[in-house]
Amino acid sequence: MLLLAALPACSGEYDNPFEPSGRPASLPPGADIVFAGNTQETQPGALHELFAVADDGSSLTRLTSCTPLCDTLEAAPATDRERMMMRRVVDANNDDTVGADDGAALFYADLERRVESGVLSDARASGVDWAATGDVIVYSGAGEGAVDDLWVMDPNGQNRRNLTLSPAVRERRPRIDPTGQVAVFERIDATGKGQVFIFQTTLSQIRVTAGGPGSAPLPGTPYLVGSDADPDYSPDGRSVAFRRLAELGDGRLGYWDLMTVRIDGTGLTLIASGPQFRGAPDWGPQGIVFNEVDLAAGASRLVVVQPDGSGRSVPVTVGSAFDLLFPRWLTPP
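Each residue of the sequence shown is one higher than the one before, starting from 1081 at the first, in the working numbering.
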């Protein structure tokens, strides 16, 4: 079944059904991008908050101030620019620490109303997206066999459904196409090599890429060299951008190439390469935005390029010990 058909009929608007757990800031005028970062502190290693910035680097604004202790990893914005679904790790064990054992919950934020609240505490979410065509959330999180499956739900967490039910395969990092009908995602089977697939129905999943050469594992990640990860649709839905693990580098972050491919698997194009870590791309009308860590230069950057790799701009640069994670375009006002 297609994504929109996977949910029962439901309202297109939602009152916030939860008790507020924080007061996020309003978006600044001219904001184009949201991302998670820890540059609010002077020393590296701090927990992450949500930030917004214009694509020229102006209007950098911290949107969240997490209380109690939590780590905001990513936000998927709705097209109204005000509502967000966030992946956030909270201190579930009440031990005054936030770690992998706590897992990533899903939180809803309404920047206009300045409220945020928990949606799914047990999601263990590794990715999340909000459909451009309606109030449909797709995320990847703990499913059959305690490995990542794809899930669909309403923004308030109701009508949740497991779409893939595959204990031997990891389905991760889904992104919904512009029509809201299908989703692209990374799929890791028994070979361990990440590939890009399109989810159409529970019984219909189409392979787009087969990964690249290599087999060495990148420590602390689910990826082997050659794995394809973090796909996202072009604005017209005809192509996807994704990243490929090209080399282990020093074995910490790895060196990742940025690529595009048409949804039928043809036209594979390399648009950014070299000895840097490149994070998940987000493809909008203004270009492709991603985070980059250049250890040799001691810099972490938000980078925007055009789909052919030209027109590189760098809205934000900080030291390489700081994080700029999962940038997403906001719908223009």
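In this text, a Cβ means the ideal position worked out from N, Cα and C, and glycines have one as well. Computed from a predicted model, the values in this text were never measured in an experiment.
Integer Cβ distance of residue i from residue j, believed to fall under 8 Å
i	j	result
I1351	V1385	6 Å
R1194	S1139	Actually they do not touch by this definition, with Cβ atoms about 18 Å apart.
P1254	V1218	5 Å
M1165	P1235	7 Å
R1408	A1155	7 Å
L1143	L1191	7 Å
A1057	R1323	In the structure as shown, the chain starts at 1081 and stops at 1413, and residue 1057 therefore has no counterpart that could be examined.
T1147	F1131	Wrong, their Cβ atoms sit about 17 Å apart, outside the cutoff.
V1249	V1264	Contact flag wrong, Cβ pair sits at about 16 Å.
A1296	I1256	About 32 Å; that fails the 8 Å criterion.
Same chain only: Cβ atoms within 7 Å of residue i, ignoring 5 sequence neighbours per side
i	result
I1343	I1278, V1288, R1318, S1319 and V1320
G1137	P1395 and V1396
R1332	none
S1393	V1384
G1237	V1199 and L1200
L1405	F1115, A1116, G1117, H1128, L1153, E1154, G1359 and N1371
K1273	G1291, L1304, G1306 and S1307
S1091	Model confidence at S1091 stands at a pLDDT of 37, short of 50, so the residue's coordinates are unreliable and nothing is read from them.
P1293	G1306
G1378	G1399 and S1400
P1302	R1250 and I1268
Contact set for residue i: own chain, Cβ-Cβ below 6 Å, skip 5 residues either direction
i	result
E1327	Y1335
V1398	T1119 and S1380
S1353	D1337
T1411	T1159 and R1161
Y1094	Because Y1094 sits at a pLDDT of 38, beneath the cut-off of 50, its placement in the model cannot be relied upon, and the following sentence gives the value as read from the coordinates. Closer than 6 Å at Cβ, skipping near neighbours: P1235 and N1236.
R1427	This structure gives no information on residue 1427, because the portion of the chain shown stretches from 1081 to 1413.
P1413	none
A1309	E1266, G1274 and R1323
W1363	D1312, S1314 and A1321
Residues near residue i in its chain [Cβ-Cβ closer than 8 Å; skip 5 each side]
i	result
A1184	L1153, R1167, R1168, V1169, A1203, R1204, A1205, S1206 and G1221
G1347	S1319, T1340 and V1341
L1245	G1223, E1224, D1229 and T1282
G1125	N1118 and A1401
T1259	T1213 and G1317
G1391	G1367, V1384 and V1385
N1242	G1223, E1224, D1229, L1230 and W1231
Per-residue burial, residue i [other beta carbons within 10 Å of its own, 16 or more giving buried]
i	result
C1150	buried
R1358	buried
E1196	buried
D1470	This structure cannot settle anything about residue 1470, because the visible part of the chain is limited to 1081 through 1413.
P1311	buried
D1330	exposed
P1365	exposed
Q1123	exposed
P1355	exposed
E1251	buried
D1388	exposed
S1314	buried
G1367	buried
A1376	exposed
P1247	exposed
A1226	exposed
P1299	exposed
P1109	exposed
DSSP bridge partner residues for residue i (one or two, in chain order)
i	result
T1281	S1284
T1152	R1168
P1297	L1304
L1191	The partner list for L1191 (beta bridge, DSSP) is empty, contrary to what the question assumes.
A1270	DSSP, once it has assigned bridges, lists no residue as partnering A1270.
E1129	G1117
Q1275	R1267
D1312	A1321
L1186	R1167 and L1200
L1142	Per the sequence shown, the amino acid found at residue 1142 is Arg instead of Leu. R1142 pairs with F1131.
P1157	M1164
R1255	V1264
Minimum Cβ-Cβ distance from residue i to chain B less than 8 Å
i	result
W1231	This model lacks chain B altogether; it includes just one protein chain.
Worksheet item: What residue ranges within the stretch 1327-1410 form continuous beta strand (DSSP E) runs of no fewer than 3 residues, ordered along the chain?
Response: If we require 3 residues or more, the beta strand (DSSP E) runs fully inside the stretch 1327-1410 come out as 1335-1342, 1349-1352, 1362-1364, 1367-1374, 1379-1385, 1393-1399 and 1404-1409.
message: My parser needs the beta strand (DSSP E) runs of 3 or more residues fully inside the stretch 1197-1252; what are they?
response: Correct list: 1207-1210, 1217-1222 and 1228-1233.
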